[in-house]
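A quick write-up on the structure given underneath.
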Amino acid sequence: MTSVLFVAFLGLLVEHVGKPLTVILDNASVHTARALRPYLRLLQRKGLTLYFLPPYSPEFNRIEKLWHKMKYEWRVFKARDAKTLEADVDVIIHGFGTAYRFTFC
Numbered sequence: 001m002t003s004v005l006f007v008a009f010l011g012l013l014v015e016h017v018g019k020p021l022t023v024i025l026d027n028a029s030v031h032t033a034r035a036l037r038p039y040l041r042l043l044q045r046k047g048l049t050l051y052f053l054p055p056y057s058p059e060f061n062r063i064e065k066l067w068h069k070m071k072y073e074w075r076v077f078k079a080r081d082a083k084t085l086e087a088d089v090d091v092i093i094h095g096f097g098t099a100y101r102f103t104f105c
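Take 1 as the starting number for the sequence shown in the UniProt record's numbering and just add one per residue.
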């Protein structure tokens, strides 16, 4: 995607979704190009709010959440063989969406 297409996409969102509208963005160059700034300001005046994520956001990264949960579950050291370790990993992974879930609140 180019920055021109990105601005066009945001313009369509503003027209068709309505106000207020918040778009969460990473810091990809297409989102932060200097040439975009005047257009982005115009879209912001039309009710668009842009929220840029920090460069590294482990709190929004699902794999970081998974590792955090695994470390919590394994906080007491236990000797494991490969088969037991694999079974324990499966229990934790299959628990997502049932026993526990991702939230970003």
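For glycine and all other residues, C-beta sits at the position ideal for the given N, C-alpha and C.
Check: Which ranges does the alpha helix (DSSP H) cover as unbroken runs of at least 4 residues, wholly within the UniProt domain "Tc1-like transposase DDE" (2-85), from first to last along the chain?; Outcome: 3-17, 29-32, 37-45 and 62-73
Check: Check whether the stretch 68-75 and the stretch 83-97 touch, using three or more Cβ-Cβ pairs below 8 Å as the test.; Outcome: yes
Check: State yes or no: is the C-beta of Val23 within less than 8 Å of the C-beta of Leu48?; Outcome: yes
Check: Taking Cβ positions, are Leu50 and Leu25 nearer each other than 8 Å?; Outcome: yes
Check: Starting from the Cα of Leu42, find the closest Cα among Lys69, Leu53, Val7 and Thr2 and give me that residue.; Outcome: Val7
Check: Taking only heavy atoms of the ligand PLP into account, decide whether any of them is closer than 7 Å to the Cβ of Leu48.; Outcome: Only the bare structure without any ligand can be found here, which leaves the ligand PLP out of the picture.
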